[in-house]
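K.L.:
This structure is in structure tokens; I'll ask about it shortly.
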Amino acid sequence: MPSITDALRARGIGSGQGISQTDLTALIDVTNAAEANNDAIKTDVVNKLNSLNPALNLTTAASWSTIRAAIASMQYRGAQVITPGPSDITIPAGYHNGAGVVKGVNVPRDKVLTGTTIAGQAGVMPDYSNAQNTGKVAPANIKADGGGTLTIAPQTGYYSLGVDSLNYGSIAVYDPNYIPENILSGKSIFGIEGTAGGWKVANGYTQSSSLNGQNYPTTSGATITRAPFVISQNFGFTPKVIIAWKNKA
Numbered sequence: 045m046p047s048i049t050d051a052l053r054a055r056g057i058g059s060g061q062g063i064s065q066t067d068l069t070a071l072i073d074v075t076n077a078a079e080a081n082n083d084a085i086k087t088d089v090v091n092k093l094n095s096l097n098p099a100l101n102l103t104t105a106a107s108w109s110t111i112r113a114a115i116a117s118m119q120y121r122g123a124q125v126i127t128p129g130p131s132d133i134t135i136p137a138g139y140h141n142g143a144g145v146v147k148g149v150n151v152p153r154d155k156v157l158t159g160t161t162i163a164g165q166a167g168v169m170p171d172y173s174n175a176q177n178t179g180k181v182a183p184a185n186i187k188a189d190g191g192g193t194l195t196i197a198p199q200t201g202y203y204s205l206g207v208d209s210l211n212y213g214s215i216a217v218y219d220p221n222y223i224p225e226n227i228l229s230g231k232s233i234f235g236i237e238g239t240a241g242g243w244k245v246a247n248g249y250t251q252s253s254s255l256n257g258q259n260y261p262t263t264s265g266a267t268i269t270r271a272p273f274v275i276s277q278n279f280g281f282t283p284k285v286i287i288a289w290k291n292k293a
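The numbering used here puts the sequence shown at residues 45 to 293.
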């Protein structure tokens, strides 16, 4: 009579091919034959069954009835295909034919944060979610249109909505000329009030005065007569330069 190991191998059992329901039936037959012939291979049977399914935890002290029941309890699962999900997936107890797989996961690493690993694939997207508190991020590009709009292109990465204790956000653009002293007083640019002085221009109109004409010398030595006039206009400030002209009557 062949040993239990040879009997199993003859049916492809224990050779990496899994075990089918037909094989289980044959295994019981072999076990029955071993018992009927008082074959001294019980240890071989127990060891083989335990190697196939350690959960059986059989010993040579087990009765043949117990061994047969253990064999009958084993389930053939064939080729199991498992698709990963957000939770653990239990692999069912039993025997598999070796063709089962866990589906591969194609992870777009550029969309996964640095420090995070999904299905063994490490993310490469920079995490700027706390940049407002740990250090500002320089923009990838800035451009002004000259019409009042400034565009900022952020660096690739993950940002979260939030500001620091001074209400500053995550992305910082530095320009040493962007200071109040370079902005006209009375104007503001992106919330910064200007303090720089500038030219103030005003205009007004006054009637000719009724003063008598006065003679004024010219550079050629001649004399011309002109009537003086008085400006009476509230400009709201003291002008440094006044340009006056007269409409010809």
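Virtual Cβ for every residue (Gly too), placed ideally from N, Cα, C.
Note down the Cα distance separating Ala-137 from Ser-107, rounded to an integer number of angstroms.
P.N.:
When rounded, the distance between both Cα atoms is 23 Å.
K.L.:
Return helix, strand or coil for Thr-66, following the three-state DSSP convention.
P.N.:
The answer is helix: DSSP assigns Thr-66 an H, G or I state.
K.L.:
Cα separation between Thr-160 and Pro-198?
P.N.:
Between Thr-160 and Pro-198, the C-alpha separation is close to 22 Å.
K.L.:
If you draw a straight line from the alpha carbon of Val-145 to that of Asp-189, how long is it in whole angstroms?
P.N.:
Rounded to the nearest angstrom, the two C-alpha atoms are 57 Å apart.
K.L.:
Report all residues from its chain with a CB closer than 7 Å to the CB of Leu-102; omit the five preceding and five following residues, and keep chain order.
P.N.:
Closer than 7 Å at Cβ, skipping near neighbours: Val-90, Leu-93, Asn-94, Ile-111 and Ala-114.
K.L.:
Kindly indicate the opening and closing residues of the alpha helix (DSSP H) around Ile-111.
P.N.:
Per DSSP, Ile-111 belongs to the alpha helix (DSSP H) from 108-117.
K.L.:
Report, in whole angstroms, the separation of the C-beta atoms of Ser-229 and Ala-240, which I expect to be a contact under 8 Å.
P.N.:
Yes, Ser-229 and Ala-240 are in contact; Cβ-Cβ is about 6 Å, under 8 Å.
K.L.:
Are the segment 174-181 and the segment 147-161 in contact at 8 Å, needing three or more beta carbon pairs?
P.N.:
No, because fewer than three Cβ pairs between the segment 174-181 and the segment 147-161 fall closer than 8 Å, the two stretches do not touch.
K.L.:
Using the Cβ count rule (16 or more neighbours within 10 Å means buried), how would you classify Gly-167?
P.N.:
That one is buried.
K.L.:
Suppose the cutoff is 6 Å on Cβ atoms and the five residues either side in sequence are ignored; what does the same chain contact list for Gly-122 look like?
P.N.:
Asn-141.
K.L.:
What alpha helix (DSSP H) runs, 4 residues minimum, are completely inside the segment 114-180?
P.N.:
Qualifying alpha helix (DSSP H) stretches, in chain order: 175-178.
K.L.:
Going by the CB atoms, is the gap between Gly-238 and Pro-220 shorter than 7 Å?
P.N.:
For Pro-220 and Gly-238, no; Cβs fall outside 7 Å.
K.L.:
DSSP on Ser-232, reduced to helix/strand/coil?
P.N.:
Strand.
K.L.:
Hey, Ser-172 and Ser-209: beta-carbon distance below 7 Å or not?
P.N.:
One point to set straight first is that residue 172 is Tyr, not Ser, in the sequence displayed. The answer is no: Cβ separation not under 7 Å.
K.L.:
Report the three-state DSSP secondary structure of Ala-42 (helix, strand or coil).
P.N.:
In the structure as shown, the chain begins at 45 and stops at 293. Residue 42 is therefore absent and cannot be evaluated.
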